[in-house]
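S.K.:
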Amino acid sequence: MALSIYLATRKKLISHGVKNTPDGNLTLTDKGLFLLFVRLERAQRSKSFEAVQAAVQFIESHTESIGKRYLTLFAYMYIYFSDGTPKLTELDEILEDGGVRKTKEYRRAVTDEEIVIAAWGKVQFNRYENSFFRALYAHRS
257 MALSIYLATR KKLISHGVKN TPDGNLTLTD KGLFLLFVRL ERAQRSKSFE AVQAAVQFIE
317 SHTESIGKRY LTLFAYMYIY FSDGTPKLTE LDEILEDGGV RKTKEYRRAV TDEEIVIAAW
377 GKVQFNRYEN SFFRALYAHR S
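Quick note: the sequence shown, position 51, residue 307 per the working numbering, numbers continuous.
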């Protein structure tokens, strides 16, 4: 039996370490913020890049309004660490004509849109992870 979207969202957030800090735990205890992550889960399930971006923008606006923009990091983690991210990437193979073959394995069959969503999540996560983690752990009580 599949988990409800609320339980699945909660489980995924916990797997990303939200309970490790009081501020991170807000993603579970702030009802409005949690429901924005449920919206992100719905967008991700719909495999719509635009819907995922919009959901992340809502999360960013909410976290900014409560003075904790760095919690947006969990939204980037949410989409980066998903089925759209390869479970295995082999070394690039240089071809005779100068081209490059890139081989990636996924946990299941994924659409191009899912790959783009995960790649965008990776870019955003990599861009902000150091500063957002610093802020998150600076507020640890």
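Cβ atoms here follow ideal geometry from the backbone N, Cα and C, with glycine treated the same way.
In the DSSP assignment, the alpha helix (DSSP H) including residue 386 goes from what residue to what residue?
M.R.: Here the question's residue 386 lines up with position 130 in the sequence shown. First-last of the alpha helix (DSSP H) with residue 386: 368-394.
S.K.: Could you give the DSSP three-state label for residue 344: helix, strand or coil?
M.R.: What you label residue 344 is simply residue 88 of the sequence shown in a count that begins at 1. Note: residue 344 maps to strand in three-state DSSP.
S.K.: Looking at the structure shown, is residue 364 part of a helix, part of a strand, or coil, going by DSSP?
M.R.: One-based indexing of the sequence shown puts residue 364 at position 108. Coil.
S.K.: Touch check for the stretch 283-298 and the stretch 343-357: three-plus C-beta pairs under 8 Å?
M.R.: The stretch 283-298 is not in contact with the stretch 343-357.
S.K.: Measuring only from the beta carbon, is residue 367 closer than 7 Å to any heavy atom that is part of the ligand ZN?
M.R.: With respect to the ligand ZN, the structure offers nothing, as it holds no ligand at all.
S.K.: Alpha carbons only, please: which of 351, 347, 317 is nearest the one belonging to residue 361?
M.R.: In the sequence shown, the residue the question calls residue 361 occupies position 105. Measuring from the Cα of residue 361, the nearest candidate turns out to be 347.
S.K.: Can you tell me the Cα-Cα spacing of residue 387 and residue 299, whole angstroms?
M.R.: Looking up residue 387 in the sequence shown gives position 131. Looking up residue 299 in the sequence shown gives position 43. So the alpha carbons of these two residues sit roughly 26 Å apart.
S.K.: Once DSSP output is grouped into helix, strand and coil, what is the label at residue 350?
M.R.: As a first step, residue 350 must be located in the sequence shown, where it is residue number 94. Three-state DSSP puts residue 350 in a strand.
S.K.: Pick from 269, 272, 277, 268: whose alpha carbon is nearest that of residue 393?
M.R.: Counting from 1 along the sequence shown, the entry for residue 393 is found at position 137. Closest option to residue 393, Cα to Cα, is 277.
S.K.: Distance, Cα to Cα, residue 389 vs residue 370?
M.R.: For the purposes of this step, residue 389 is taken as the residue at position 133 of the sequence shown. For the purposes of this step, residue 370 is taken as the residue at position 114 of the sequence shown. Roughly 26 Å between the two C-alpha positions.
S.K.: Span of the alpha helix (DSSP H) holding residue 279?
M.R.: As a working mapping, residue 279 is identified with position 23 in the sequence shown. Per DSSP, residue 279 belongs to the alpha helix (DSSP H) from 278-285.
S.K.: So, is residue 331 buried or exposed, given that buried needs 16 or more other C-beta atoms within 10 angstroms?
M.R.: On the sequence shown, residue 331 is found 75 positions in, with the first residue counted as 1. Buried is the call here.
S.K.: Have a look at 282, 380, 267 and flag the residue whose alpha-carbon is nearest the alpha-carbon of residue 333.
M.R.: In the sequence shown, residue 333 corresponds to position 77, counting from 1. Closest option to residue 333, Cα to Cα, is 380.
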